Ligand code: F6P
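Numbering (this note's numbering), first residue to last: 1 to 328.
#1: Are the beta-carbon atoms belonging to residue 7 and residue 100 less than 8 Å from one another?
#2: So what does DSSP say about residue 98, is it helix, strand or coil?
#3: Closest to residue 392 by CA distance: which of 218, 287 and 120 is it?
#4: Assuming residue 173 and residue 228 make a contact with CB atoms under 8 Å, what is their CB distance in whole Å?
#5: Can you give me the C-alpha to C-alpha distance between residue 31 and residue 201, rounded to a whole angstrom?
#6: In three-state terms, what does DSSP make of residue 220?
#7: How about residue 305 and residue 115: are their beta carbons less than 8 Å apart?
#8: On the DSSP bridge list, what partners appear for residue 170?
#9: What is the C-beta distance between residue 197 and residue 183, in whole angstroms, given that I count them as a contact (C-beta under 8 Å)?
#10: Would you check whether ligand 1 has a heavy atom nearer than 7 Å to the C-beta of residue 258?
#11: On the premise that residue 76 lies in contact with residue 45, defined as a C-beta separation below 8 Å, what is that separation, rounded to the nearest angstrom?
#12: For residue 21, which of helix, strand or coil comes out of DSSP?
#13: From the DSSP output, in three-state form, read off residue 179 for me.
#14: What residue does the beta strand (DSSP E) around residue 322 start on, and which one ends it?
#15: Give a yes or no on contact between the region 80-96 and the region 45-60, applying the rule of three or more CB pairs nearer than 8 Å.
#16: Could you tell me if residue 409 is buried or exposed, where buried requires 16 or more neighbouring beta carbons within 10 angstroms of its beta carbon?
#17: What first and last residue would you give for the alpha helix (DSSP H) that runs through residue 275?
#18: DSSP three-state label for residue 133, please.
#19: Identify every residue that forms a DSSP beta bridge with residue 196.
#20: For residue 12, verify whether its CB is less than 7 Å away from any heavy atom of ligand 1.
#21: Is residue 228 a contact residue of ligand 1, with contact defined as CB to any heavy atom under 7 Å?
#22: Take the Cβ of residue 265 as the centre, count every other Cβ of all protein chains shown within 10 Å, and call the residue buried at 16 or more, exposed below.
#23: What separation, rounded to the nearest whole angstrom, lies between the Cα atoms of residue 185 and residue 24?
#24: According to DSSP, is residue 341 part of a helix, a strand, or is it coil?
#25: Can you give me the Cβ contacts of residue 159 inside the same chain, cut-off strictly under 8 Å, excluding the 5 residues immediately before and after it?
#26: Which residues mark the beginning and the end of the beta strand (DSSP E) in which residue 303 is found?
#27: Given a cut-off of 8 Å on the beta-carbon distance, is the pair residue 281 and residue 66 in contact?
#28: What separation, rounded to the nearest whole angstrom, lies between the Cα atoms of residue 291 and residue 258?
#29: Is residue 177 near ligand 2, judged by its Cβ being under 7 Å from some heavy atom?
#30: Whose C-beta lies closer than 8 Å to the C-beta of residue 190 among residues of the same chain, with five residues either side of it excluded?
#31: For residue 244, report the span of its alpha helix (DSSP H) as first-last.
#32: So for residue 162, helix, strand or coil by DSSP?
#33: Between the Cα of residue 295 and the Cα atoms of 310, 268 and 285, which residue gives the shortest distance?
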């Protein structure tokens, strides 16, 4: 669809909320105002599209949200949209609301939905990567990742106080679904003795070797950061195996959970979200579709959505090396 044909853009936040989604929404809405086109907000992601929960959004409707976590549009994971019948209803509402193109702020599940929809109904759309997991190919960082990291290290720093005071070993589980980016970065930043991530195919003996090394060098307490997708087992199993191996260790487990998804976005996330929101509208007006806006080497890039979904960001080998060097 050419620039002049797009008169109304629909925008939604979909999948797990991430800090910075509001900033991205604000950028989409204000960008539409700037270009003199209408913007409509779709509440509750794809489910809201099916249920016709669609509201007009002007520049003032996104005042005072750049600093707020969560998403004012709300988000949902919709089973109905996975079915043809659900997508048909969604399309009818798109037509009813005169929406010409979509911006989908979410993760790879949300992009898969948009791709299927585009194939059936030929609605132009652009994705904006919003997830704390940082697991989307085509961008160095996803919206929410930086904030989640800062929340995680703040929590781990606090746990360290107890670990140190009581000479304890703590296993701390962080989010990330099947990716280890949150674990690796929060582990380095919080000075973890070991970091267990699914990408590395860890072995329990490597963990024990690391704990032994720490003990030999005089460490009395340790933090082990574990990605929720770690294949060796969950934090409780790891704590159990470690207790069997080292009966004298005083071991505790903490699962950080959803606190990592909440809170005010950091400066980095607000800037990233603002850039990507503007880039998404630019892309639609340039006639692009089925692409995701991302930032690579600090430049805006557009990646075909198939690639964004299918490929995976590699874990930085240098970061892995750093963890080995610093855990002494
Ligand atoms: O994708 C974001 C994320 O927070 C993952 O890190 C986690 O595995 C998942 O969502 C949790 O989903 P829910 O909030 O639906 O339990």
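C-beta: ideal position from N, C-alpha, C; glycine also. Just so you know, these numbers come straight off a predicted model, no measurement behind them.
Let me spell this out:
#1: Going by C-beta atoms, residue 7 is nearer than 8 Å to residue 100.
#2: Residue 98 falls in the coil class under three-state DSSP.
#3: The shown model of the chain, from 1 to 328, leaves out residue 392, and the question about it has no answer.
#4: A Cβ-Cβ distance of about 6 Å is found for the pair residue 173 and residue 228, placing them in contact under the 8 Å criterion.
#5: Approximately 44 Å, taken between the alpha carbons.
#6: Of the three classes helix, strand and coil, the one that applies to residue 220 here is coil, per DSSP.
#7: Going by C-beta atoms, residue 305 is nearer than 8 Å to residue 115.
#8: Bridge pairing for residue 170: 223 and 252 [DSSP].
#9: Contact holds; Cβ gap of about 5 Å.
#10: Checking every heavy atom of ligand 1 against the Cβ of residue 258, one is found closer than 7 Å.
#11: Rounded to the nearest angstrom, the Cβ distance from residue 45 to residue 76 is 5 Å, consistent with a contact under 8 Å.
#12: Taken through DSSP and simplified to helix, strand or coil, residue 21 comes out as helix.
#13: DSSP places residue 179 in the coil class of the three-state scheme, outside both helix and strand.
#14: Here residue 322 belongs to no beta strand (DSSP E); instead the alpha helix (DSSP H) covers 317-326.
#15: Taking 8 Å as the limit for Cβ pairs, the verdict is that the region 45-60 does touch the region 80-96.
#16: With the chain covering only 1 through 328, there is no way to say anything about residue 409.
#17: Here the alpha helix (DSSP H) through residue 275 covers 267-285.
#18: For residue 133, the secondary structure class from DSSP, reduced to helix, strand or coil, is coil.
#19: Under DSSP, residue 196 forms a beta bridge with 226.
#20: Not so, every heavy atom of ligand 1 lies at least 7 Å from the Cβ.
#21: Yes, the Cβ of residue 228 comes within 7 Å of a heavy atom of ligand 1.
#22: Within a 10 Å sphere around the beta-carbon of residue 265 sit 16 or more other beta-carbons, which makes this residue buried.
#23: For residue 185 and residue 24, the distance between alpha carbons rounds to 24 Å.
#24: The chain is shown from 1 up to 328; residue 341 falls before or after that span and cannot be answered.
#25: The beta carbon of residue 159 sits closer than 8 Å to the beta carbons of 170, 172, 223 and 254 from its chain, once the five residues preceding and following it are set aside; these are given in chain order.
#26: Following the DSSP letters along the chain, one finds residue 303 inside the beta strand (DSSP E) bounded by residues 299-304.
#27: Judged by beta-carbon spacing, residue 66 lies beyond the 8 Å limit of residue 281, meaning their Cβ atoms are not closer than that value.
#28: Within the model, the alpha-carbon separation for residue 291 versus residue 258 is close to 29 Å.
#29: Judged by which ligands are present, ligand 2 is missing from the structure shown, whose ligands are ligand 1.
#30: Excluding the 5 residues flanking it on each side, residue 190 has same chain C-beta neighbours closer than 8 Å at 152, 153, 156, 157, 160, 223 and 225, in chain order.
#31: Boundaries of the alpha helix (DSSP H) around residue 244: 235-245.
#32: Helix at residue 162.
#33: Looking only at 310, 268 and 285, the smallest Cα-Cα distance to residue 295 is reached by 268.
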